[in-house]
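What follows is a single structure, written as structure tokens, with notes after it.
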Amino acid sequence: MSKRKAPQESPNEGITDFLTELANYERNVNRAIHKYNAYRKAASVISRYPSKIQSGAEAKKLDGVGAKIAEKIDEFLSTGKLRKLEKIRQDDTSASINLLTRVTGIGPAAARKFVEEGIKTLEDLRKNEHKLTHHQRIGLKYFEDFEKRIPREEMLQMQEIVLKEVKKLDPNYIATVCGSFRRGAESSGDMDVLLTHPSFTSESSKQSKLLHQVVEQLEKVHFVTDMLSKGDTKFM
């Protein structure tokens with residue numbers, strides 16, 4: 001339902017945070033997707049590194065960390081900050097675009113358009129909700145929630161509710177919570193549920209009913225309060 005969250009806490013959270021911030025800047029402001037991908041890959045690799053990185057040279061041994069990123073890591077480790085990021089943060093336009101793109105449903109092009117119209121903060125968005133799509137309104141409404149990760153304990157409680165309500169409807173439903181939760185993560189960015197039923201075929205004229213009645217049941221028990229989209233085979 002939400003945009004990708006930051007990686008789970010790791011011994012190198014400071015490094016992954018600044019790499020993610022640089023990645024978002026390159027995508028949202030410069031539209032340099034190749035740089036965005038490079039920073040994201042490095043952040044992902046470093047987030048899984050089990051011990052605290054002591055130098056850029058150590059980081060460079062990891063697949064996905066090149067010489068330029070290693071230099072930035074050295075600068076961050078020695079000074080606690082990054083000159084490039086400090087400069088970016090002082091640029092109002094860049095900062096505003098980066099902020100607005102954190103709202104699910106607002107991409108770089110839409111964020112830039114909002115900024116050109118003088119809409120630069122979350123409060124500005126709230127004052128101009130009539131300009132937002134349904135998806136963007138939901139993203140703004142739950143902005144703080146979408147920024148947080150979901151603890152595994154809470155995911156287990158949510159799983160129990162979903163499985164119970166699905167089986168109430170029809171014991172032949174099979175609901176499986178997938179993604180990072182299934183892989184054993186201590187926290188997750190969102191909850192992905194794969195729903196199957198023995199009567200489902202891609203040609204079936206009743207295929208939409210199978211998903212829709214599950215969504216309606218989850219709404220009835222107030223597990224689902226808002227939705228981004230509801231199709232025949234996918235719901236968010």
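If you're matching positions, the sequence shown starts at 1 in UniProt numbering and goes up one per residue.
The beta carbon of each residue, even a glycine, is placed where N, CA and C say it ideally should be.
The structure presented is a predicted model; accordingly, all values stated were derived computationally and were not measured.
Between I97 and G139, the C-beta spacing is not below 8 Å.
Rounded to the nearest whole angstrom, the CA to CA distance from T121 to E129 is 12 Å.
DSSP places V193 in no alpha helix (DSSP H) but in the uninterrupted beta strand (DSSP E) bounded by 193 to 196.
In the three-state DSSP reduction, A32 falls in the coil class, being neither helix nor strand.
A straight line joining the alpha-carbon of D232 with that of G80 spans about 49 Å. Looking at the backbone, the Cα of L132 and that of T176 are separated by about 33 Å.
Per DSSP, reduced to three states, the secondary structure at V45 is helical.
With a 10 Å radius around the Cβ and a threshold of 16 neighbouring Cβ atoms, R149 comes out buried. Straight-line spacing of the CA atoms in R182 and T104 works out to 24 Å. Taking K168 as the centre and dropping the five residues before and after it, the same chain places the C-beta of Q217 closer than 8 Å to its C-beta, in chain order.
Per DSSP, A67 is one residue of the alpha helix (DSSP H) stretching across 67 to 79. Annotated as proximal: L100 and A111, with beta-carbon spacing under 8 Å. Counting only runs that start and end inside the segment 104 to 191, the alpha helix (DSSP H) elements of at least 4 residues fall at 108 to 116, 122 to 127, 134 to 141, 143 to 147, 152 to 169, 179 to 182. Nearest neighbour of G118 by Cα position, chosen from D92, R137, H135, turns out to be D92.
Membership of I97 in the alpha helix (DSSP H) is indicated by the continuous run 92 to 100. Residues of the same chain with a CB within less than 6 Å of the CB of I69, apart from the 5 flanking positions on each side, are A42 in chain order.
The Cβ neighbour count for R40, taken over all protein chains shown within 10 Å, is at least 16; the residue is labelled buried.
The alpha-carbon separation between T196 and I174 amounts to approximately 5 Å. Annotated as proximal: V215 and F235, with beta-carbon spacing under 8 Å. Here the segment 45 to 54 makes contact with the segment 12 to 19; the two share three or more CB pairs at distances below 8 Å.
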